[in-house]
Amino acid sequence: PEVITVQELANRMAERGGDVVKSLMRMGVMATITQSIDADTAELVVAEFGHKVKRVAESDVEIGLRGDEDEAEHLQPRPPVVTIMGHVDHGKTSLLDALRHTNVVSGEAGGITQHIGAYQVQVASGQRVTFIDTPGHAAFTEMRARGANTTDIVVLVVAANDGVMPQTVEAIRHARAAGVPIIVAINKIDLPDAKPERVRTELLQHEIVVEEMGGETLDVPVSAKTREGLDKLVETILLQAEVLDLKANPDRPAEGSVIEAKLERGRGSVATVLIQRGTVKVGDIFVAGGEWGRVRALLDDRGQNLKSAGPAQPVEVLGLNGTPLAGDDFVVVDSEGRAREITEFRTRKRREASHVATARGSLEQMFEKI
Ligand code: GDP
Ligand code: MG
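When we follow the UniProt record's numbering, the leftmost residue of the sequence shown carries the number 319, and every step to the right adds one.
Laid out in structure tokens, this is it:
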């Protein structure tokens, strides 16, 4: 892939653009000053001019900054990360709310889901489950498109009085595409017209076969209203998590994904980050997408200050120099210099990518006119 324009390369070496073009020509590469060349070619040119090569790894951009896999002996069990999906009004918010023991639904303005980002619940056994509250399927897909595979388990909520609906099917598709196991929560079983059997039969058409019908998908009848079945649901999540054998190394610089981020009056840029491995501490220097910062404070979902946060823990991070995007990576680095270097590189790449897109767009328009 082309990473740098001839002009930019010349600027950075403090050489004349024309001389770089000539140097490229000698190597058999015909490029104008505005064209981009790949990293290997750029490196040859740099050597040709007798400069030192200082190359920020391409992998920083393509596959992210994330480090190598951890050795098995450093891995420790971690809580599962769960996303609740399903058709509108089937009770996603109510269920999340019931699991969290707070009341978000009644506080929703005009019925729109008030976004709480992510939170963790602790069950009697001391085990924990992390819930991500994605506001709709679009967020889930977008996060995945940005390379953030945050979810271990999808809880598919289907209202027992309404059955499988278009967004139920959509959610099944998303979970499949992500390769994430599904647990079916058949909700609203307190209603007189609840037909959990019908839900199970309808799911068959979408190749979801629950245990009762000889399949492997776990299903739990629940009521977010009466709280019936909620303990069983959490138990089932933990059971599924055990099968997945979820582990992470807590003793390394933190890596995670941005769940959401916004600029807040008086607080600056605030990001909700799901830590995926390692432990983040106050004072750590990090990169988040095209932004970087130094952790000024860490807060849990109840606004309590934390000194550190480990694997599968969602945490609000303060101390950003800008606002990253949902799905961006979050990686602790060893110095401010490194953080600047990476974010500058990424910002330049993004700018170039948008230039290319714009140029392509206008070219297509031109052809359309012809
Ligand atoms: P969402 O759109 O999937 O987030 O659905 P909500 O959580 O906003 O719920 C939609 C409606 O269903 C609300 O009026 C809830 O009070 C109601 N509801 C949710 N769960 C239950 C349940 O278990 N039983 C009954 N009877 N109503 C429920
Ligand atoms: Mg909702």
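Idealized CB from N, CA, C, for every residue including glycine.
Inset, instruction - Indicate, with yes or no, if the ligand GDP has a heavy atom lying under 8 angstroms from the CB of Asn623. - result: No.
Legend entry - Distance cut-off 8 angstroms: Thr411 Cβ against heavy atoms of the ligand MG: yes
Inset, instruction - In angstroms with no decimal places, state the Cα-to-Cα distance between Ile402 and Met345. - result: 56 angstroms
Inset, instruction - Whole angstroms is fine: what's the gap from Val475's alpha carbon to Ala463's? - result: 23 angstroms
Legend entry - Minimum C-alpha distance to Ala478 - residue among Phe458, Gly533, Asp508, Ile450: Asp508
Legend entry - C-alpha gap between Gly533 and Glu515, whole angstroms: 14 angstroms
Inset, instruction - With a floor of 4 residues, list each alpha helix (DSSP H) that falls wholly inside the stretch 517-596, ordered by position along the chain. - result: 548-562
Inset, instruction - Report buried or exposed for Glu326, applying the criterion of at least 16 other Cβ atoms within 10 angstroms of its Cβ. - result: buried
Inset, instruction - State yes or no: is the C-beta of Val400 nearer than 8 angstroms to some heavy atom of the ligand MG? - result: no
Inset, instruction - Give the straight-line distance between the Cα atoms of Gln445 and Pro397, rounded to the nearest whole angstrom. - result: Distance from the CA atom of Gln445 to the CA atom of Pro397, rounded to whole angstroms, is 7 angstroms.
Legend entry - the stretch 658-665 in contact with the stretch 579-592 per 3-pair CB rule at 8 angstroms: They do not touch, by the three-pair rule.
Inset, instruction - State yes or no: is the C-beta of Lys543 nearer than 8 angstroms to some heavy atom of the ligand GDP? - result: Checking every heavy atom of the ligand GDP against the Cβ of Lys543, one is found closer than 8 angstroms.
Legend entry - Own chain partners of Gly596 with C-beta closer than 6 angstroms, once the 5 adjacent residues on each side are dropped: Arg570, Pro571, Ala572, Glu573
Inset, instruction - Return the chain-ordered list of same chain residues with a C-beta closer than 8 angstroms to the C-beta of Val324, the five sequence neighbours on each side being excluded. - result: Gly335, Val338, Val339, Leu342, Ala349, Thr350, Ile351, Thr352, Gln353, Ser354, Ile355
Legend entry - Rounded straight-line distance, which links the Cα of Asp470 to that of Leu414: 16 angstroms
Legend entry - Three-state class that DSSP yields for Thr401 in the structure shown: strand
Legend entry - Any non-hydrogen atom of the ligand GDP within 8 angstroms of Asn467 CB: no
Inset, instruction - Assign Glu654 to one of three DSSP states: helix, strand, or coil. - result: helix
Inset, instruction - Starting from Val406, trace the beta strand (DSSP E) both ways and give me its first and last residue. - result: Per DSSP, Val406 belongs to no beta strand (DSSP E) and is neither H nor E.
Inset, instruction - Can you have a look at Asp358 and say buried or exposed, based on whether 16 or more other CB atoms are within 10 angstroms of its CB? - result: An exposed status is given to Asp358, since fewer than 16 other beta-carbon atoms sit within 10 Å of its beta-carbon.
Inset, instruction - Helix, strand or coil for Ala503, going by three-state DSSP, please let me know. - result: strand
Legend entry - Any non-hydrogen atom of the ligand MG closer than 8 angstroms to Val540 Cβ: no
Inset, instruction - Round the Cβ separation of residue 725 and Leu636 to the nearest angstrom and send it over; I've been treating them as touching at under 8 angstroms. - result: This structure gives no information on residue 725, because the portion of the chain shown stretches from 319 to 688.
Inset, instruction - May I ask you to report which of helix, strand or coil DSSP gives Val339? - result: In the structure shown, Val339 sits in a helix (DSSP, three-state: H, G or I).
Inset, instruction - Tell me whether Ala332 is buried or exposed, calling it buried when 16 or more other Cβ atoms sit within 10 Å of its Cβ. - result: exposed
Inset, instruction - Leaving aside the five residues before and after Gly481 along the sequence, list all residues of the same chain whose C-beta is less than 8 angstroms from its C-beta, in chain order. - result: Lys513, Arg516, Val517, Glu520
Legend entry - Distance cut-off 8 angstroms: Lys599 Cβ against heavy atoms of the ligand GDP: no
Inset, instruction - Report yes if the C-beta of Lys580 is less than 8 angstroms from at least one heavy atom of the ligand GDP; otherwise report no. - result: no
Inset, instruction - Using three-state DSSP, classify Ile351 as helix, strand or coil. - result: coil
Inset, instruction - Note down the Cα distance separating Glu391 from Asp451, rounded to an integer number of angstroms. - result: 32 angstroms
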